[in-house]
Every structure is written in C-alpha cells, then in structure tokens.
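First to last, the sequence lines map onto chains A and B. Heads up: the first sequence begins at 0 in numbering that gives the first Met the number 0, then just goes up one per residue. Heads up: the second sequence begins at 0 in numbering that gives the first Met the number 0, then just goes up one per residue. By construction, the Cβ of each residue, glycine as well, lies at the ideal position given by its N, Cα and C atoms. None of these values were measured; they are calculated from a predicted model.
Protein chains: 2
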Amino acid sequence: MTGEKFHALFNARSIAFLGASKDPRKWGFTMLNNVINGGFKGRIYPVNPNEDEILGLKVYKSIADIPEIPDLAVIAVPPMNVLQVVKECVKRGVRAGIVITAGFAELGESGARLEQELIEVARTGEMVLVGPNCNGIMNPWEKLYIQFPPFFVPPGPIAVIAQSGNVVDSLARQIMLRGFGCSICISSGNEADLHSEDYLEYLAEDPHTKVILSYIEGFKDGKRFFRVAREVSQKKPIVMVKAGRTSAGAKAALSHTASIAGADAVFEAVCKQSGMVRAKSLDDLLNVGIAFLRQPLPKGMRVGIVTAGGGAGVLAADACAELGLEVVSLPKVTIKELDSFMPAWWNRNNPVDLVAGGSTDTSFKAVETVLRCPSVDGVIMMSIMPALRLERLSASADEADRQRWANNLVRAVVSVIERFTNLADRYQKPVIVASEQMFADAIQETKIIYALGRQNLMCYHMPHQAAVVLSGLASYREYLERYGKHE
Amino acid sequence: MTGEKFHALFNARSIAFLGASKDPRKWGFTMLNNVINGGFKGRIYPVNPNEDEILGLKVYKSIADIPEIPDLAVIAVPPMNVLQVVKECVKRGVRAGIVITAGFAELGESGARLEQELIEVARTGEMVLVGPNCNGIMNPWEKLYIQFPPFFVPPGPIAVIAQSGNVVDSLARQIMLRGFGCSICISSGNEADLHSEDYLEYLAEDPHTKVILSYIEGFKDGKRFFRVAREVSQKKPIVMVKAGRTSAGAKAALSHTASIAGADAVFEAVCKQSGMVRAKSLDDLLNVGIAFLRQPLPKGMRVGIVTAGGGAGVLAADACAELGLEVVSLPKVTIKELDSFMPAWWNRNNPVDLVAGGSTDTSFKAVETVLRCPSVDGVIMMSIMPALRLERLSASADEADRQRWANNLVRAVVSVIERFTNLADRYQKPVIVASEQMFADAIQETKIIYALGRQNLMCYHMPHQAAVVLSGLASYREYLERYGKHE
Numbered sequence: 000m001t002g003e004k005f006h007a008l009f010n011a012r013s014i015a016f017l018g019a020s021k022d023p024r025k026w027g028f029t030m031l032n033n034v035i036n037g038g039f040k041g042r043i044y045p046v047n048p049n050e051d052e053i054l055g056l057k058v059y060k061s062i063a064d065i066p067e068i069p070d071l072a073v074i075a076v077p078p079m080n081v082l083q084v085v086k087e088c089v090k091r092g093v094r095a096g097i098v099i100t101a102g103f104a105e106l107g108e109s110g111a112r113l114e115q116e117l118i119e120v121a122r123t124g125e126m127v128l129v130g131p132n133c134n135g136i137m138n139p140w141e142k143l144y145i146q147f148p149p150f151f152v153p154p155g156p157i158a159v160i161a162q163s164g165n166v167v168d169s170l171a172r173q174i175m176l177r178g179f180g181c182s183i184c185i186s187s188g189n190e191a192d193l194h195s196e197d198y199l200e201y202l203a204e205d206p207h208t209k210v211i212l213s214y215i216e217g218f219k220d221g222k223r224f225f226r227v228a229r230e231v232s233q234k235k236p237i238v239m240v241k242a243g244r245t246s247a248g249a250k251a252a253l254s255h256t257a258s259i260a261g262a263d264a265v266f267e268a269v270c271k272q273s274g275m276v277r278a279k280s281l282d283d284l285l286n287v288g289i290a291f292l293r294q295p296l297p298k299g300m301r302v303g304i305v306t307a308g309g310g311a312g313v314l315a316a317d318a319c320a321e322l323g324l325e326v327v328s329l330p331k332v333t334i335k336e337l338d339s340f341m342p343a344w345w346n347r348n349n350p351v352d353l354v355a356g357g358s359t360d361t362s363f364k365a366v367e368t369v370l371r372c373p374s375v376d377g378v379i380m381m382s383i384m385p386a387l388r389l390e391r392l393s394a395s396a397d398e399a400d401r402q403r404w405a406n407n408l409v410r411a412v413v414s415v416i417e418r419f420t421n422l423a424d425r426y427q428k429p430v431i432v433a434s435e436q437m438f439a440d441a442i443q444e445t446k447i448i449y450a451l452g453r454q455n456l457m458c459y460h461m462p463h464q465a466a467v468v469l470s471g472l473a474s475y476r477e478y479l480e481r482y483g484k485h486e
Numbered sequence: 000m001t002g003e004k005f006h007a008l009f010n011a012r013s014i015a016f017l018g019a020s021k022d023p024r025k026w027g028f029t030m031l032n033n034v035i036n037g038g039f040k041g042r043i044y045p046v047n048p049n050e051d052e053i054l055g056l057k058v059y060k061s062i063a064d065i066p067e068i069p070d071l072a073v074i075a076v077p078p079m080n081v082l083q084v085v086k087e088c089v090k091r092g093v094r095a096g097i098v099i100t101a102g103f104a105e106l107g108e109s110g111a112r113l114e115q116e117l118i119e120v121a122r123t124g125e126m127v128l129v130g131p132n133c134n135g136i137m138n139p140w141e142k143l144y145i146q147f148p149p150f151f152v153p154p155g156p157i158a159v160i161a162q163s164g165n166v167v168d169s170l171a172r173q174i175m176l177r178g179f180g181c182s183i184c185i186s187s188g189n190e191a192d193l194h195s196e197d198y199l200e201y202l203a204e205d206p207h208t209k210v211i212l213s214y215i216e217g218f219k220d221g222k223r224f225f226r227v228a229r230e231v232s233q234k235k236p237i238v239m240v241k242a243g244r245t246s247a248g249a250k251a252a253l254s255h256t257a258s259i260a261g262a263d264a265v266f267e268a269v270c271k272q273s274g275m276v277r278a279k280s281l282d283d284l285l286n287v288g289i290a291f292l293r294q295p296l297p298k299g300m301r302v303g304i305v306t307a308g309g310g311a312g313v314l315a316a317d318a319c320a321e322l323g324l325e326v327v328s329l330p331k332v333t334i335k336e337l338d339s340f341m342p343a344w345w346n347r348n349n350p351v352d353l354v355a356g357g358s359t360d361t362s363f364k365a366v367e368t369v370l371r372c373p374s375v376d377g378v379i380m381m382s383i384m385p386a387l388r389l390e391r392l393s394a395s396a397d398e399a400d401r402q403r404w405a406n407n408l409v410r411a412v413v414s415v416i417e418r419f420t421n422l423a424d425r426y427q428k429p430v431i432v433a434s435e436q437m438f439a440d441a442i443q444e445t446k447i448i449y450a451l452g453r454q455n456l457m458c459y460h461m462p463h464q465a466a467v468v469l470s471g472l473a474s475y476r477e478y479l480e481r482y483g484k485h486e
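Next up, the structure:
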C-alpha cells in the first residue's frame, strides 16, 4: 500500500459521487448533502444518468464525462451495478473508491463471489477500495465528511477505525459531544480490499493522530494484522473493542460484515503481545482512548486513591483490585505527611478519605502527597466537590446571576482538572479524576464536559471508569517497557 | 421495629436541629438551609446555645427549651457531644434521631465503644437512630430533605438505601436528571441502631415505593438481612450493589463505615436465594432499577435482538451471551413473517438487522414479530433512528425553526419509546431499547432523557446496558417463579 493512494482517499481534492440522488430518503442524497454541508473545499461531481442538477451541482451522466480524473469515487449505486461502476472508474484512472453499497459477502456465497470479482477488477486497475458495506470516511482536518449522520466532528487527535458504520458514527458523535476531535474516521465495512491493518499503517504516520480507537469483528489476514499492530503500538496506542467474543456475537458478526470472529482466548493473548489495549465496551474504548492524550503513563500497577466520598473510594478500590491494580498500603512517611494537613479524624489508609473539614486546597495537597510516594505509580481522585472554589448562589439571584454562576461553575471545574493534570505532569504519574458534578444540572454538566474536552481533558463519572482507564494506561506502558521504546 | 417510629422519621412534622450553625461552611448550616429550601411544611427548631436566630428561625438553647416534643432530632454536633445530646433527646421523649456526625466505629476501638454506648442510651429510651456517620434522609413526597447537596429530587417510585452518603446523593441526582423521582432516600451510615434490613421492611409496605436500590458495604446481622430481603423481594424488587467485593475494597469499607464485607462468593449465593438483583456498578444499579417501573418480566432467558446498526447488534449479542441470556435462533415461521415486510437483503438471523430500505414502521413491525415468537422471552431493540418520524431541518432554518425542530425531536423520541412500551405491554414481554440519539446535540439529549423519565420510561445508550437490564429482569422473574408469587 503506497501513501499516494491513501492520499487520494483521505486528502481527495476531487470526488465523483456515483449514485447521487435528488430523493432526500436515499443515501445518495444524504451523503452528498453531508459532503457539501461539511464544507469540503475541493470539486464534487455527482454522477446520475437521469439528472441534470442535484443540490445546486451539475450532474454528470457517467464518470467518463467528468472533466478531470477524480481523486476519489464514492459509490452508492445498487449492488448489481457496483462491479460495472468500478470497471468504469478503473478505466478512467481513478485510484481510490469507497463502496457504500451493501449486499456482498455478508449475504453468503454469491455475494462473496461478487465481492471477489470487485477486488480483482480494482486491483488490476491499481485502485484501492474502502468497503463494501460501509458508511464512508471522514477527515475533519480537510473538512472531508463522507458520512450519513447530520453532524460534523471537529478536527482533533483521535482516529477511529471500525468495521461497523454505526459504531464509527456513535464514537464520532461521543467524541464531538465531549469536546474532543477526530483526525480520521474510517468505516471499513467488509474490508474486501483495504483491511484494518492498512489503515493502522497509515495512521501510524499521520501527524494528527495521537491515539487510535478500533472496533473489529474479525480479520481477513490475522497474522498480518497483529504484525502491523505490534509495530504501530510502538508509535501510538491502539485501543480496541473486539466484537464477536461469544458464539452468539460471532454468528451476528458473520451476517453483518462476513467476519470470522475467531477464538477469543487467542485474540486476548495476541492483543497483549501486540500492545493493543483491549476495551470491553464502546464506553470503555472512548474513556481509555482519551486518557492517552494528556496523561503520563504509570510505571507499574500500584495505585493510590484519594476520595471525597467514602463509598466512591470503596467502589474504586474494588474496581482497581478486580482489574489487577494494586491498592497499596501507604508507607509511614506518607501517612505522616498527610497527617500534617488532614483533619485529625482521617482514616490513615488507602483510599485516603478526605472527610469533611479540609480547605479547597486539601484535595490537591493529598493528591500531591500520594503522587510523591515512591510506591505509587498513579492516582485515582474521586469527587472534586471539596476542591471547587465557588461562590454560594444567593437565594435572591436573578436569571443573569444564575447564568454567571453557571459559567463560573464550568470555569471552576476546568481549573480543578487542570490543576490535577499539572500535578500529573510534574510527577510524571497519571491522575485520573472521576466525579459527579453535584452542583451542575444536566445542561451545565454537558457544558463542563465539553469545555474540558476542548483541552483534551476529562473528568470521568464513576469509580469503575477511573479504574478501567488507569489499567488501560498501565497495560500499554507495560508493553512499551517490554519493547524498550519508553524512556 | 414499629411503624410508628418510622413514621416519626420519614413523616416528621417537627424537627429539632442540634448543631445548627450560622457559618455557611458548616454542615449544621447547609443541612438546615436545605430543609428550609426543600419546602418542609412542618416546624423546624434549630438548637445552638450561642445563637438567637439562624436563617430567620428562632434558635433554642437546648432541646429541653423547645415548645413541643419534636418528632425527629437531627444531630450534627461534634463527636464528643453526641452522646450527651442523645441523652437529652431521650429525656425529652424524642422517638427518632439522625446522627450526621462521624467519628465512631469507623475510627477503631474507642469509636466503637462510643457507638455502643450511643445505641444503649437510645434503645433504653425507645429512640431509633439513623447513622452515625451519615448524610441524612429524604422523603420527597413530604418535601422532607435532610441532606447536603443543593438539589431536591422530586417525588417518585424509587427508594434508595445506601451505607454511603455520597452514593445516596449521586443516585438521587442521577434519578432526578433522568426525569425520575424518589419515594424515600436513606443514608444509613454506620447502621449502629437501624440496619438496612429495617429500612427494607419499611419500604416493603410503603405505597410510593415500587423498586428499591441499595448500596451495601457490610452487614451487622447478615442472617436477618437475608431473611428480610427474601420476604421483601416477594413484594418488590431489590437491586443491590455490594461494595467491598475484593480485599482492597473490604479494607476500604472497614475504614469507611466499619463494615465487615464478608466473602463475596457467599454473598453471591445468598443474593440469588433472597431474590435480590445484583448490580456491578452504580450505573447498572440505576439502569436495572428503572426498568422494573414499566417493563413486564421475561418468562425466561431467551432474547430476540432487533437492530438498526450491525455493530450494535453484534455487541448486544456478545453482551447477552456473556450474561447467560440465550440469543435464540428464530423459527422459520418468524423468519417468514419478517420476510413479508423486510427489505429483500435482510440477514434472516437473530439479531434481526433492519438494514436500510424500510419505512419508519419497519422497526415496530420487526419488534412485534419477534415478540410474538413463542421462543422469545424478551426483545432488545438497538438504535431508534429509522423509527423516528421527523421532518428534515431546512438549511435556511432560523433560531425559532431550530427550536421547534428540537422540541419535535424530543416528542418524536418519546413517542417511539412509548410505542415500543405499548408492544411490551400487549405481549407481556419486555422491550429494552438502547440507542444513540444521533440527531440530538448534548443539550437536546438531556431533554429527551428527562422527558422519558417523567413517564418512567428510558432509552438506554449502549448495547451492554440493554443486556444487563434484561438479565436483571430475568433473574428477578426466576426468583418469583421459584417462590410461586408471580402469575
């Protein structure tokens, strides 16, 4: 796979849109409309033999009529016409195509034969294909949005590769709502020609991409996939959800993207060897992925927990232990340091329970003290309420006062998370914060999460999320350690 | 435990507030302020020997000076004064007290002795005690909010009992933000006098309570707890998170509420025998709990999955299988029925993938067809986008158009969930819906969730959540079946 062809794909300056439609219920309309609304700056050539103009664009009868060789062909024609259209693309010299159309290997043998023919034609013509049976690609840095959903994830450091289009869309939306952005998103579909490992190779070199989130149902070439993953992992973290873990899931995967899921135990072992961080759900995938953007990696599995709520501390300790993290006993010197500023009745234990009676600084001092402890590799901080500097909202406050107060709340939370992140940087150990936003209503909470994300920061919600994130960071660090790439 | 004393607690008409304070940084201020702001309609008597007036209320020097015997005493004085204050309450004839103050058994032996003395004094005087080391109680039906957080969960059908105050507050807040309401919330703290099982007995008879959410770190009297739980479970579902599952968590629980966590395997077994539905996290606790409010119980473990996204279907199948639910093969007659209205290229499998090409009715028809299938006990429906009846927002829409469109979106989602719930009612099998709200921004999404919750409805987010919920309903039904109480 040469970089040039990927360039035609992700940095296309001209796109032929085969199967463009005037009918708003058709995908050939929705996708074209999204390419336009997304702000694409290159040339767009809708192709449809029965139309003259769609969405204000001149329509061409066939790809042969287009006045230039387009970089990229988006193919959304009915299944029986796909092969013919790809032949025409090859004839015209198009180097990259995205086959949106479904109805191939996922439907069984005859579909698989058609899919095979498709690859042969494309490869003969040195044309690369995304899909078939996919939802498109996005490169927000180039305002290139070949997609179904009606929103546009902003540019950022997170790459997404998924064999399921709805998983790509779901992740892109979550990333956007949390204030983060994407480098590249790929719905890889049946992976007839281009496989997940091809995209991984590309993303390893992509300067915008800092972390790769991946959803996989099965492999066309498992050996090559893991070899590539091992190499890429040494440059950038890959976090992955493997679907089809159970026989019920594997059966579903087969009829979805014609994927052979394989034995899960094998996958687990190979994951470890190739440095991929495995996530159990899409939530975990995203939570772990964004942590890599700002957190230093922990040098081991030993965790200190600081909590402003007893129950949250117990739940965090449970979750850590279940994931193999060690909730260490704090040495006497650390206890003594904590004694110097903690309320007299504190529990002298890990989790360090902040109890009541401290100042807003107590949370930061406690986290810093635990971070300094040489037998701690990373800290989980539960509940930031006591760390917030916030005026009390007067009972007589009017609407403007309330608005000001709400804006201050957002700023106060961001400044608390920044301060914890600065401590993480100073001691080169991760500080994972999880907290209810007790003072915020639902709308204020979305604003807090968004404001944090714009700085690639996160305040997780629940104790088990913090534990999953820390354990993900630790497992990646362990891999780098083994391969000697981390200093 | 007589109902009368619980009546004094949860339906107090007069409250003495011992340790009331003028200092906004003190709990004796915050709690009193909350009782007032919550709209309590009874009499409030702040007690503090050094003040005359707090928050506009006349302050009494001691409980002896109050002009009536208060139903309830809230005790927030320093630890060394608690015993004396309880003695005075007993002398005055107060029948119920809440000891907010911490610094008892959770601190070790001397604290445990003090706690023991406390119970003895209270019991001699036939006064029941909540706590010590707790965050109060709420009865939203009576506008009684003895609590720390600055929000007021509305009345509703969900009861919460937790040994951790911050867990109560977190759950109450989540319940409120999702549009649901609470019957009673109890932060039970160290459970020196009243135990979780006492509250369970009360809630079993409370007409407002439809489901009980519980967070437990350990038991004072495990035998009695499980006997009570078994009886209550026959009347109402109890969903429970047990913290202190690991040795790290157990150690944390000991220093938090002096709880002895006990062996987890034993707990798991006893849970099953007593009909309690066990949740692994606070998220799961809430997700499963609210499902009991509107969903029929599944008669077995056999699940049909209908999905508008292939990946979501695979993930749901995996999650179901991992939880012991059976993703059944659909019989020929069901496949044939589906054939009659599904697009020709549908996958003829469970999960039923709706693919593209159906109408907005296809989702409902598919769910209904699968519900009718005798080998299916419940349905998971993934992704409601194709089921939404929604006008396209015009590119030239102004702010008012957008607002109208957003309101229509909320209504459209609610009507979709209502329609699925009606199908569940008609066939007396649960329909658990999980879906991204692809057309909504973060603020619209909070409005959707809230509007659903006002009707005790829910649209879950992720596939694994739907599986956890269905499995929780199934395990409760299995218990009822065994005890012959379900028809």
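(request) Name the residue from A:Ala355, A:Asp424, A:Ala396, A:Asn348 whose alpha carbon lies nearest to the alpha carbon of Glu367 of chain A. (result) Considering only A:Ala355, A:Asp424, A:Ala396, A:Asn348, the residue with the shortest C-alpha distance to Glu367 of chain A is A:Asp424.
(request) Step through the CB atoms of chain B and report whether any lies within less than 8 Å of the CB of Met0 of chain A. (result) Because Met0 of chain A carries a pLDDT of 49, less than 50, the predicted location of this residue cannot be relied on, and the following value inherits that uncertainty. Answer no: the Cβ-Cβ gap between Met0 of chain A and chain B never drops below 8 Å.
(request) Inspect the beta-carbon positions of Ile379 of chain A and Ala466 of chain A and report whether they are closer than 8 Å. (result) Result yes, Cβ atoms of Ile379 of chain A and Ala466 of chain A sit closer than 8 Å.
(request) Note the first and the last residue of the continuous alpha helix (DSSP H) segment covering Ser310 of chain A. (result) The question names Ser, yet the displayed sequence has Gly at residue 310 of chain A. In this chain, the alpha helix (DSSP H) harbouring Gly310 of chain A covers 309-321.
(message) Please list, in chain order, the chain B residues whose beta carbon lies closer than 7 Å to that of Ala311 of chain A.
(response) At a C-beta separation below 7 Å, Ala311 of chain A has these neighbours in chain B: Asn165.
(request) Might you give, ordered along the chain, the residues of its own chain that have their beta carbon closer than 8 Å to the beta carbon of Glu486 of chain B, omitting 5 neighbours on each side? (result) Note that Glu486 of chain B has pLDDT 44, beneath the 50 cutoff, so the model's placement of it is unreliable and the number below is only indicative. Once the five neighbours on either side are set aside, Glu486 of chain B has no close Cβ partner at all.
(request) State yes or no: is the beta carbon of Gly243 of chain B nearer than 8 Å to at least one beta carbon in chain A? (result) Closer than 8 Å: yes.
(message) Using a Cβ-Cβ distance cut-off of 8 Å, determine whether Cys88 of chain B contacts chain A.
(response) It does not; no Cβ of chain A falls within 8 Å.
(message) Check whether chain A comes within 8 Å of Glu116 of chain B, counting only Cβ atoms and requiring the distance to be less than that.
(response) Chain A places no beta carbon closer than 8 Å to that of Glu116 of chain B, leaving this residue out of the contacts.
(request) Compute the distance between the beta-carbons of Pro131 of chain A and Ala111 of chain A, then report whether it is under 8 Å. (result) No, these two residues do not count as a Cβ contact at 8 Å.
(request) Look up Asp352 of chain B in the DSSP assignment and say whether it is helix, strand or coil. (result) In this structure, Asp352 of chain B counts as strand in the three-state DSSP scheme.
(message) Report the CB separation of Cys184 of chain B from Ile136 of chain B in whole angstroms; it is logged as a contact under 8 Å.
(response) Indeed, because the Cβ distance is near 6 Å, the residues count as touching under 8 Å.
(message) Could you compute how far the alpha carbon of Val313 of chain B sits from the alpha carbon of Ala307 of chain B?
(response) Each residue's alpha carbon lies about 11 Å from the other.
(message) Please report the straight-line C-alpha distance between Tyr426 of chain A and Asn455 of chain A, rounded to a whole angstrom.
(response) Taking the straight line from one Cα to the other gives about 19 Å.
(message) I need the DSSP call for Met0 of chain B, collapsed to helix, strand or coil.
(response) Because the pLDDT of Met0 of chain B is 49, which lies under 50, any placement of that residue in the model is unreliable, and the number read from its coordinates should be weighed accordingly. Under the three-state reduction of DSSP, Met0 of chain B is assigned to coil, being neither helix nor strand.
(request) Go through the region 166-194 of chain B residue by residue and report every complete run of the beta strand (DSSP E) that reaches 3 residues or more, in order. (result) Whole beta strand (DSSP E) segments, 3+ residues: 181-186.
(message) By the 7 Å beta-carbon criterion, what residues does the region 16-34 of chain B contribute toward chain A?
(response) Interface annotation for the region 16-34 of chain B against chain A: Pro23, Trp26, criterion Cβ-Cβ distance under 7 Å.
(message) Quick check on the DSSP output: the alpha helix (DSSP H) that includes Arg94 of chain A runs from which residue to which?
(response) Per DSSP, Arg94 of chain A belongs to no alpha helix (DSSP H) and is neither H nor E.
(message) Under 8 Å, Cβ to Cβ, is there at least one residue of chain A near Tyr144 of chain B?
(response) No, no contact with chain A.
(message) Taking 8 Å as the threshold (beta carbon to beta carbon), is Ser470 of chain A in contact with chain B?
(response) No, its Cβ sits nowhere closer than 8 Å to a Cβ of chain B.
(request) Indicate the three-state DSSP secondary structure (helix, strand or coil) for Pro66 of chain B in the structure shown. (result) In the displayed model, Pro66 of chain B falls within coil according to three-state DSSP, outside both helix and strand.
(request) Rounded to whole angstroms, what's the CA-CA distance from Gly55 of chain A to Ser169 of chain A? Just pull it up for me. (result) Each residue's alpha carbon lies about 30 Å from the other.
(message) Using only the alpha-carbon positions, how far apart do Trp26 of chain B and Gly221 of chain B sit?
(response) The C-alpha of Trp26 of chain B lies about 32 Å from the C-alpha of Gly221 of chain B.
(message) Taking beta-carbon pairs under 9 Å, can you tell me which members of the region 344-366 of chain B lie near chain A?
(response) Cβ contacts with chain A come from Trp344, Asn346, Arg347, Asn348, Asn349, Pro350, Asp352, Val354, Ala355.
(request) Could you pull the start and end residues of the beta strand (DSSP E) that Asn138 of chain B belongs to? (result) Run containing Asn138 of chain B: 135-138, per the beta strand (DSSP E) assignment.
(message) Assuming contact is defined by CB atoms lying nearer than 8 Å, are Leu71 of chain B and Ile14 of chain B in contact in what I supplied?
(response) Going by C-beta atoms, Leu71 of chain B is nearer than 8 Å to Ile14 of chain B.
(request) Measure the alpha-carbon distance for Pro342 of chain A versus Tyr198 of chain A and round it to whole angstroms. (result) C-alpha of Pro342 of chain A to C-alpha of Tyr198 of chain A: approximately 54 Å in a straight line.
(request) Identify which residue in B:Ser61, B:Ala63, B:Pro149 has its Cα closest to the Cα of Leu573 of chain A. (result) No information on residue 573 of chain A is available, as it lies outside the stretch 0 to 486 that chain A covers here.
(message) I need the straight-line Cα distance from Ala405 of chain A to Ile174 of chain B, nearest angstrom please.
(response) Rounded to the nearest angstrom, the two C-alpha atoms are 21 Å apart.
(message) Checking 8 Å against the spacing of the C-beta atoms, do Arg177 of chain A and Ile416 of chain A come in under that value?
(response) Not a contact, by the Cβ cut-off of 8 Å.
(request) Could you tell me whether any Cβ in chain A is nearer than 8 Å to the Cβ of Val369 of chain B? (result) No, its Cβ sits nowhere closer than 8 Å to a Cβ of chain A.
(message) Check for me: the alpha helix (DSSP H) holding Met30 of chain A runs from which residue to which?
(response) That run of the alpha helix (DSSP H) goes 26-36.
(message) Suppose you measure from the CA of Ala257 of chain B to the CA of Phe151 of chain A; what does that come to, to the nearest Å?
(response) For Ala257 of chain B and Phe151 of chain A, the distance between alpha carbons rounds to 51 Å.
(request) Could you tell me whether any Cβ in chain B is nearer than 8 Å to the Cβ of Pro149 of chain A? (result) It does: the Cβ of Pro149 of chain A has a partner Cβ on chain B nearer than 8 Å.
(message) Which residue marks the beginning of the alpha helix (DSSP H) containing Arg403 of chain B, and which one marks its end?
(response) Segment 398-426, the alpha helix (DSSP H) holding Arg403 of chain B.
(request) Closer than 7 Å by beta-carbon distance: list the chain A residues that pair up with Glu435 of chain B, in chain order. (result) Here the neighbours are Ser169, Arg172.
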